[in-house]
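As structure tokens, the structure follows; a few thoughts come after it.
There are 4 protein chains.
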Amino acid sequence: MKNTFGNNISLTIFGESHGNAIGTVIDGLAPGIPVDESKIASLLSLRRPAGKISTSRREEDKFIIESGVFDGYTTGTPVCILIPNENTQSKDYSATRALARPSHADYSAYEKYHGFEDYRGGGHFSGRITAALVAAGGILIPALEAKGIFIGTRIKSIADVCDRDFADVTEDIKIVSEKSFPVFSAEIEDEMQKKILEAAQEGDSVGGVLETAVIGLPRGLGEPWFDTLEGMISHAVFSVPAVKGIEFGSGFGIAEMRGSQANDTMRMENGRVTTQSNSNGGIVGGISNGAPLLFRCAVKPTPSIFKEQETVDFIKGENATLSLIGRHDPCIVHRAAVVVRSVVALALADQLATRYGTNWLSGGAKK
Amino acid sequence: MKNTFGNNISLTIFGESHGNAIGTVIDGLAPGIPVDESKIASLLSLRRPAGKISTSRREEDKFIIESGVFDGYTTGTPVCILIPNENTQSKDYSATRALARPSHADYSAYEKYHGFEDYRGGGHFSGRITAALVAAGGILIPALEAKGIFIGTRIKSIADVCDRDFADVTEDIKIVSEKSFPVFSAEIEDEMQKKILEAAQEGDSVGGVLETAVIGLPRGLGEPWFDTLEGMISHAVFSVPAVKGIEFGSGFGIAEMRGSQANDTMRMENGRVTTQSNSNGGIVGGISNGAPLLFRCAVKPTPSIFKEQETVDFIKGENATLSLIGRHDPCIVHRAAVVVRSVVALALADQLATRYGTNWLSGGAKK
Amino acid sequence: MKNTFGNNISLTIFGESHGNAIGTVIDGLAPGIPVDESKIASLLSLRRPAGKISTSRREEDKFIIESGVFDGYTTGTPVCILIPNENTQSKDYSATRALARPSHADYSAYEKYHGFEDYRGGGHFSGRITAALVAAGGILIPALEAKGIFIGTRIKSIADVCDRDFADVTEDIKIVSEKSFPVFSAEIEDEMQKKILEAAQEGDSVGGVLETAVIGLPRGLGEPWFDTLEGMISHAVFSVPAVKGIEFGSGFGIAEMRGSQANDTMRMENGRVTTQSNSNGGIVGGISNGAPLLFRCAVKPTPSIFKEQETVDFIKGENATLSLIGRHDPCIVHRAAVVVRSVVALALADQLATRYGTNWLSGGAKK
Amino acid sequence: MKNTFGNNISLTIFGESHGNAIGTVIDGLAPGIPVDESKIASLLSLRRPAGKISTSRREEDKFIIESGVFDGYTTGTPVCILIPNENTQSKDYSATRALARPSHADYSAYEKYHGFEDYRGGGHFSGRITAALVAAGGILIPALEAKGIFIGTRIKSIADVCDRDFADVTEDIKIVSEKSFPVFSAEIEDEMQKKILEAAQEGDSVGGVLETAVIGLPRGLGEPWFDTLEGMISHAVFSVPAVKGIEFGSGFGIAEMRGSQANDTMRMENGRVTTQSNSNGGIVGGISNGAPLLFRCAVKPTPSIFKEQETVDFIKGENATLSLIGRHDPCIVHRAAVVVRSVVALALADQLATRYGTNWLSGGAKK
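Chains as they are written, first to last, in the numbering used here: chain A, 1 to 367; chain B, 368 to 734; chain C, 735 to 1101; chain D, 1102 to 1468.
Given below as structure tokens:
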């Protein structure tokens, strides 16, 4: 289904960086979900570049709900959200059309679309398209929260600076994930931003690791084969540009453990089955077990750097050198956090709608 | 779609460990793909337990092609492969029905299926079901090889023992991946198996990391959003039981790199665009770029250990202790390698069929 | 998805007339649906040829539930049902491999599968494959009945003999649809069978019209666009071989009505909205409105006739004449009735599972 | 997938009659399909009300291509087309919110969406939404024509006035289907329009039958089970509001034929297999056989009539009478023709993309 994700709640994104508009259509939403435009705007602001550490392309991400919402509630029919492109400087890009930016999609897109792709500003591959995902998140995230399901994402590390582990994941995630730079302390924020600025001053960029926790997910969600929770979430999360790895619970660390260490032993607590540890990240056999769903994803350093790079002109078939100009983020890790939350909201909402039916996510009966 | 994967080539698996049979239906295969039962048997033998390091449950994985193959070629209609269960000892399991084996799906399955699940020997969650995936791989892997696409998987590490890096991935992967214990040297094999046996003697288990390389994949495969190559492959690979993480190219390591290190610079070589490094694992913007597709996945230590464990009886709602008896592998990493190859073959064959059409995978015209 | 139907409850069929076995995998069934093998057998017997009016190929349709059922209930994992082929006489068919039987799929299959198709006895196009659909119906139909949803199909006409209209559709359909020749009176049965035998004696065949009613369907089921109830049902019903038309409510007759005649006026009855007529067949805007869902489908005369026919040898590319021998039904209308019921059960069960969630069809909690 | 149709080329529609905009997203289009806005406009004009026989709601159907088209060609990424709503008179509708218009979706929508539906002007059920389908048709229909596949739809009958049968379907369909009132002669047009005006003067409405022919479809297209050509086309066509029946080839007429009459005998002609008749409408076994694909669909009389009707207030739960005011078509048969063509183009383009691959529909290489 290409640019669409989800079976019962499905989302399609469209748009190019320098086209008329980008946007999304979400189908399968229950009727009666409250839609608060200020909440959408507030999530979009978390994705927006800000401060010295971000690109100078600053758009307000004005969005228009074209359909599917009436009197402040979803109608149950497809919701189209449009985000018009405003601040486009197309001339920045046209000169370098066939000079492949290393680790950007320029060349692989050319192989796929045979030259018909809109190459301006990354076209359909632009990180800007993620604004549409976040706009959808602006409906899905509050709807899940109303059902007691909280999805938060925080920066675990940027470059070689690591934030502390969760102490109490349930409490910690709620505190940290509403920040525009979601780390626990001002010290860590300073240290990380210093790394970003250092790289920027050298015309370079840095990456990092995001950690996501989902609190309150019902038990018994997910499928044993193929549509495992890990499978569905990773399928969605690899759509966040620059993500190159994902691990659940102890992740790659589990490979060096013994079974006796890795196994999450179980106890009854307040009448419910609970695990004493969470090496499995809340998912066993592809299915949620009641522990917090926990995963990390690796975000690569922004490929747009200002240092001169060796590359090719893929139309001429010649070697070339490339010195980028224009507006680019030296780090996108913090901006990607709310995108990750949004796609996880989509993947989980879809699973929940499958399990509990089309109307489950609704806020309830019409007044 | 739950137990089904793929849009144009789609595979469904069915069966329980102690039911009549397990099996698979593969739909969407081109007509005219040669089907060699000895090749299927040979791949199945890579998955089969062997030697001291494996369970004593030894079944021959006799399989029956029930449909979709005629005169040695696929017909283009659904292929059903059945693997009858033979060596089932149901009494091993019934006594411990509600004693959740930690990090096994017993409890999460109970939450999902409300007690109707076939709990005998792990039921539908049993690693045995993967034999059906490998049987399908026995058709898909040779068909892709006939098109010049080679998929190999090797053991990168078991416990804390690491095999060497690839020297020349294109050559190395072909040598190593046909082995039943796919490492480069007899020394590493010994060292790893020693770790497995040590754990086994202590009633414990170990995990490891598998590395997969795909050589010869056409450029331009994959989608920019959602059905990215990373997304489709990870979706499939998390169906391999015990996988808890996946990373492409430099994976989590990329998070600490600068952009200038991580970017794969490009040069013309023999008239084709090539990358000088492969931090992106052959995928940029979700789309193949001609470099070898490369990923690693983390396999957790077998949760079935003989050490006494704390757990619960989830029907009585009481704490309990569990001492497993029966037949269990102290390590499944090596057996999982061919399962990973099989699901990657499925994910790629589906993408290729989407791009090049239904008949692309065929061996050619009928004589 | 080719040989698969349904999003949340999905069914795949496989098999060839003269292969090892035919069968089906049904995925997405709720755990806890009672499975009564005698009910499956009883529905299969409605499809089986009987008496003078049917083919002499008589197989018992012995079926084996390979997976997904445990202790008499569905487990919630995929149910595979296998029906081994027994009474196959392959030599009947091989001689006429490239002589296209007019209005059979021989030639169109050759264009699709390029000669790799299993041509014996119609292969994957054989009406025999429908036994797998009926076996699935043997689980779905009783499960829906347990939820108060009754699906019945009756013969409206064979050749030019018409049965009477429904008097009280709710009562009538229950009486008539369990018969192996589902008409209201013995007189009509005689008259229709006479037409069938007349045609048979002349080496010819007849067709007819089947009418299906669904009683007790919840209101509000179906989608406004694309997955309309009419769209989903017709998609499924055109899989019943030989169906060439479908009409809901007044169907083609509505085209000559005025709006004032065709509109189903509404009244409150016993506190519920009801329609005074049912020109729309219980579906308005693609969505059920509480009236009985009602449709008719046209079944073409069996294309296998014994009269000599003009045709081609599509491999030699030459004109030819064809005189069929072998075992063929002079009429399949009555045998198709239970197949229609089965695919309608599938289409509706899928919609219901979408609306009410995965577990809705279950019989309830485990004892 | 609800409001989405198609696997490899998939189309989602969104919008409400009196919301901001209606529109569509088409995903999976090959890169390099020429997009001619004047062609889109010209097809939209066929759908637009005109003359005395149509509603006085006259909107220009101005459309905006928001994405997926660059320099006059599709890019291969999703195409979003937006059609802003302009001429909305919401006050016409609010007073009758719970007075169910008989044979309209008001009541069934209420049962589905629990009162959250946008009820103004039919909301998401409005015939206006079909403009989005036609806009998509404006890309797909010319693209198929460039591949030699012509889809035409003509009025077979309105009320009891029938146009003549096709003489030479291949020629006839091309002549007739570009007309805004697609019948063969001015006499028939007059006669049909007289019937429409008569009904209109009495505050009533009429229906009719549309006949569609597809010329030049490749042989071997379609699937034997479920995704039969008949199944896919009917699935799509029942999305055209007011369609209540569909029949292929001889359709319901075939039910009264003998096999010897109904069978399409075959001959070699100009080196190709051809049929001497076309009772099967170009589809045998679900698969195209080279004959023109031919079907008819029944369109019900517009349910919006001005005569007083018995109905209910479904919120109060009371009987009521309804006298519609506002702007309504006394007949939509002629306007529906281009909608049918558009959805057939979608269903066939999807099948073709599946068979021949993602890029097949492209106009060719980039200059």
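Idealized CB from N, CA, C, for every residue including glycine.
Since this is a predicted model, take the numbers as computed values, not measurements.
Chain B contact residues for residue i, given Cβ-Cβ distances below 7 Å
i: D/Asn1108; result: Asn374
i: A/Pro303; result: Gly626, Asn630
i: C/Tyr847; result: Pro398, Thr442, Gly443
Supposed contact pair residue j and residue i - C-beta distance, whole angstroms, cut 8 Å
i: B/Ser655; j: B/Pro585; result: 7 Å
i: A/Val206; j: A/Ala136; result: That belief does not hold up - the Cβ atoms of A/Val206 and A/Ala136 are roughly 28 Å apart, past 8 Å.
i: C/Gly965; j: D/Ser1340; result: 6 Å
i: C/Ser1076; j: C/Leu867; result: 5 Å
i: C/Asp795; j: C/Leu778; result: 4 Å
i: D/Cys1398; j: D/Ile1154; result: Not confirmed; about 20 Å, so no contact.
i: D/Val1338; j: D/Pro1393; result: In fact, because the Cβ distance is near 17 Å, the residues do not count as touching under 8 Å.
Proximity below 9 Å, CB of residue i to CB of residue j
i: C/Arg888; j: C/Glu945; result: yes
i: D/Phe1108; j: B/Asn726; result: The sequence given here has Asn at residue 1108 of chain D, not Phe. No, these two residues do not count as a Cβ contact at 9 Å.
i: B/Gly652; j: A/Ser108; result: yes
i: B/Leu715; j: B/Leu511; result: yes
i: B/Gln389; j: C/Ser1011; result: What sits at residue 389 of chain B in the sequence shown is Ile, not Gln. No.
i: D/Ala1343; j: D/Lys1296; result: no
i: C/Gly857; j: C/His752; result: yes
i: C/Trp959; j: D/Asn1104; result: yes
i: A/Gly15; j: D/Pro1179; result: yes
i: D/Val1413; j: C/Val903; result: no
i: B/Ile650; j: A/Glu247; result: no
i: C/Ile909; j: C/Phe884; result: no
Chain C residues whose Cβ lies nearer than 9 Å to that of residue i
i: A/Arg219; result: Neighbours of A/Arg219 on chain C: none; closest Cβ ~13 Å, over 9 Å.
i: D/Gly1308; result: Ile988, Ala989, Glu990, Met991, Arg992, Gly993, Ala996
Interface residues of chain D facing residue i [CB-CB closer than 7 Å]
i: A/Lys2; result: Asp1128, Gly1129
i: B/Tyr723; result: Gly1458
Per DSSP, cross-strand counterpart(s) of residue i
i: A/Glu211; result: A/Arg154, A/Arg296
i: A/Glu256; result: According to DSSP, which records beta bridges pairwise, A/Glu256 is partnered with nothing at all.
i: D/Phe1115; result: D/Gly1124
i: B/Gly730; result: In DSSP, B/Gly730 forms no bridge with anything.
i: A/Cys162; result: A/Ser157
i: B/Phe372; result: B/Leu378
Beta-carbon neighbours of residue i, restricted to chain A and to distances below 8 Å
i: C/Pro958; result: Thr77
Cβ-heavy atom distance, residue i to the ligand NAP, below 8 Å
i: C/Arg898; result: By its list of ligands, the structure shown contains no ligand whatsoever, and the ligand NAP lies outside what it can speak to.
Listed by chain order, chain E residues near residue i by CB distance under 7 Å
i: A/Pro102; result: Of the chains in the structure shown, none is chain E; the protein chains are A, B, C and D.
Contact set between residue i and chain B, taken where Cβ atoms lie within less than 8 Å
i: A/Ala199; result: Arg625, Gly626
Closer than 9 Å at the beta carbon, the chain B residues around residue i
i: C/Ala755; result: Ile431, Glu433, Ser434, Cys447, Leu449
Interface partners of residue i on chain D, CB under 9 Å
i: A/Gly15; result: Glu1167, Ser1168, Gly1169, Thr1178, Pro1179, Cys1181
Chain D residues whose Cβ lies nearer than 8 Å to that of residue i
i: C/Thr962; result: Phe1339, Ser1340
Beta-carbon neighbours of residue i, restricted to chain A and to distances below 9 Å
i: D/His1225; result: Ser67, Gly68, Thr75, Gly76, Thr77, Pro78
Under 7 Å by beta carbon: chain A residues contacting residue i
i: B/Ser690; result: Those within 7 Å of B/Ser690 in chain A number zero; the least Cβ separation is about 13 Å.
Proximal residues of chain C, C-beta to C-beta of residue i below 7 Å
i: D/Ala1210; result: Gly1019, Ile1021
Whole runs of the alpha helix (DSSP H) within the segment 629-689 of chain B, excluding any shorter than 4 residues: DSSP runs (the alpha helix (DSSP H)) wholly in the segment 629-689 of chain B: none.
Where in the segment 1124-1179 of chain D do unbroken runs of the alpha helix (DSSP H), each at least 4 residues long, occur, reported from the N-terminal end onward? 1138-1148
Minimum length 3: unbroken beta strand (DSSP E) runs contained in the segment 1185-1251 of chain D: Runs found: none.
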